[in-house]
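K.L.:
Before I ask anything, let me first share the structure, which is written out below as structure tokens.
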Amino acid sequence: MDQFNQRAITDAATLGQKLKQVREQSHYSVVQVSEQLRIKPEYIEAIEQSRYTALPSGVFVKNYVQRYVKLLGLNWLTIQPLLEAELKVYQHTPDIPTQKRYLAKQPLQLMRVVIGLVILFAVIALAAYFGLEITNIVEPPRLEVVELPNQLAYADRIITLAGQTDPEAVVSINDQVIPVLPTGQFSQQMSLQSGSNLLKIEAKTKRSQPHIQYLQIYVEDQPN
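Heads up: the sequence shown is residues 11 to 234, going by this note's numbering.
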């Protein structure tokens, strides 16, 4: 039973590992985080390694983690239950007995083992959900634009730019927001000018990086 619990905890992605992943993807160093939050670098490393006993006290743990989460632009209401679940696991884990005979003689200890396992499974489920949250934060939305010719006659300068994105994404053309249907489809009629026209198509959500594509279309001069 002891070996099973140790292996499950080791294989599961911890909150600290997730925070470290977001920090590295945001190009923050431990020193930079330490300077911005005014928290010792060793405390930042302790949080990322889930060594909560290395922090001054339980009050400091939640305060430090909450400030760290806000610096990374994450949702504290999503992170808080995961932190509390991990803290409970680390509180119960040292009490887990290793001898079956001892478990049989100590019903109270057996109950602690059951509670610890339930909390452990809850942590794993929350970690999986948190992983999906990070994916949504980091990855930009899908953006597919219908191909257009790169050169047009003056008479054909009025075009329709259409494409597909994620339903929750906001789409803009040259920083002008255009409507997006609930299906994620978008279509916008535009009048181009003579000469070279550079179109910047951008799709983004509130929590993601933008997905940007560029189209360059040349329109011939108006015939005399």
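Ideal Cβ placement from N, Cα and C applies to all residues, glycine included.
#1: Do the segment 223 to 232 and the segment 155 to 173 touch if we need at least three Cβ pairs shorter than 8 Å?
#2: What does the Cβ neighbour count give for residue 131, buried or exposed, with the cut at 16 atoms within 10 Å?
#3: What did DSSP end up calling residue 132 once you bin it into helix, strand or coil?
#4: Between which two residues does the beta strand (DSSP E) harbouring residue 172 extend?
#5: Is it buried or exposed for residue 176, if we count other Cβ within 10 angstroms and need 16 for buried?
#6: Using 8 Å as the Cβ pair cut-off and three pairs as the minimum, do the segment 189 to 205 and the segment 123 to 139 touch?
#7: So, helix, strand or coil for residue 217, using DSSP?
#8: In chain order, what residues of the same chain lie with their CB nearer than 8 Å to the CB of residue 220, ignoring the 5 residues before and after it?
#9: Between 79, 174, 184, which has its C-alpha nearest residue 190's C-alpha?
#10: Spell out a yes or no on whether the segment 62 to 78 and the segment 47 to 54 are touching, meaning 3 or more CB-CB pairs, one atom from each, closer than 8 Å.
#11: Assuming residue 200 contacts residue 169 (C-beta within less than 8 Å), just tell me the rounded distance between them.
#12: Identify whether residue 164 lies in helix, strand or coil by the three-state DSSP scheme.
#13: Would you check if the distance between the CB atom of residue 96 and the CB atom of residue 25 is smaller than 8 Å?
#14: Is residue 62 helix, strand or coil when you go by DSSP?
#15: Name the one or two DSSP bridge partners that residue 153 has.
#16: Using the rule of at least 16 other Cβ atoms within 10 Å of the residue's Cβ for burial, across every protein chain shown, is residue 83 buried or exposed?
#17: Under the rule that 16 or more other beta-carbon atoms within 10 Å means buried, what is residue 43, buried or exposed?
#18: According to the neighbour-count rule (16 or more other Cβ atoms, all chains shown, within 10 Å of its Cβ), is residue 157 buried or exposed?
#19: Comparing alpha-carbon positions, which option in 119, 40, 99 lies nearest residue 127?
#20: Of the residues 45, 181, 33, 188, which one's Cα is nearest the Cα of residue 153?
#21: Would you mind reading off the limits of the beta strand (DSSP E) that contains residue 181?
#22: At which residues does the beta strand (DSSP E) containing residue 36 begin and terminate?
#23: Please list the terminal residues of the continuous beta strand (DSSP E) segment that includes residue 67.
P.N.:
Reading it off the structure:
#1: yes
#2: Looking up residue 131 in the sequence shown gives position 121. So residue 131 counts as exposed.
#3: Here residue 132 corresponds to residue number 122 of the sequence shown, with the count starting at 1. Note: residue 132 maps to helix in three-state DSSP.
#4: If you number the sequence shown from 1, residue 172 lands on position 162. Looking at the DSSP string, the run of the beta strand (DSSP E) that includes residue 172 is 168 to 175.
#5: Here residue 176 corresponds to residue number 166 of the sequence shown, with the count starting at 1. Buried: at least 16 other Cβ atoms inside 10 Å.
#6: no
#7: Along the sequence shown, one-based indexing puts residue 217 at 207. In this structure, residue 217 counts as coil in the three-state DSSP scheme.
#8: Stepping through the sequence shown from its first residue, residue 220 is reached at position 210. Around residue 220: 150, 212, 213, 214.
#9: Within the sequence shown, numbered from 1, the residue matching residue 190 stands at position 180. For residue 190, the nearest C-alpha among the options comes from 174.
#10: yes
#11: Walking along the sequence shown from the start, residue 200 turns up at place 190. Walking along the sequence shown from the start, residue 169 turns up at place 159. Yes, residue 200 and residue 169 are in contact; Cβ-Cβ is about 6 Å, under 8 Å.
#12: Taking the sequence shown and counting its residues from 1, one reaches residue 164 at position 154. Here residue 164 sits in helix by DSSP.
#13: In the sequence shown, residue 96 corresponds to position 86, counting from 1. In the sequence shown, residue 25 corresponds to position 15, counting from 1. Yes, the Cβ-Cβ distance between residue 96 and residue 25 is below 8 Å.
#14: Within the sequence shown, numbered from 1, the residue matching residue 62 stands at position 52. Residue 62 falls in the helix class under three-state DSSP.
#15: Taking the sequence shown and counting its residues from 1, one reaches residue 153 at position 143. Beta-bridge pairing links residue 153 to 175.
#16: Within the sequence shown, the letter at position 73 stands for residue 83. It is exposed - the Cβ of residue 83 has fewer than 16 other Cβ atoms within 10 Å.
#17: For the purposes of this step, residue 43 is taken as the residue at position 33 of the sequence shown. By the 10 Å Cβ count, residue 43 comes out buried.
#18: As a first step, residue 157 must be located in the sequence shown, where it is residue number 147. Counting Cβ neighbours within 10 Å, residue 157 comes out exposed, since fewer than 16 surround it.
#19: In the sequence shown, the residue the question calls residue 127 occupies position 117. Selected option, being the one with the closest Cα: 99.
#20: Locating residue 153 in the sequence shown gives position 143, where the first residue counts as 1. Looking at the Cα atoms, 181 is the closest of the given residues.
#21: Stepping through the sequence shown from its first residue, residue 181 is reached at position 171. Here the beta strand (DSSP E) through residue 181 covers 180 to 183.
#22: As a working note, residue 36 is residue 26 in the sequence shown. Per DSSP, residue 36 belongs to no beta strand (DSSP E) and is neither H nor E.
#23: Against the sequence shown, residue 67 aligns to sequence position 57. Run containing residue 67: none; DSSP gives neither H nor E here.
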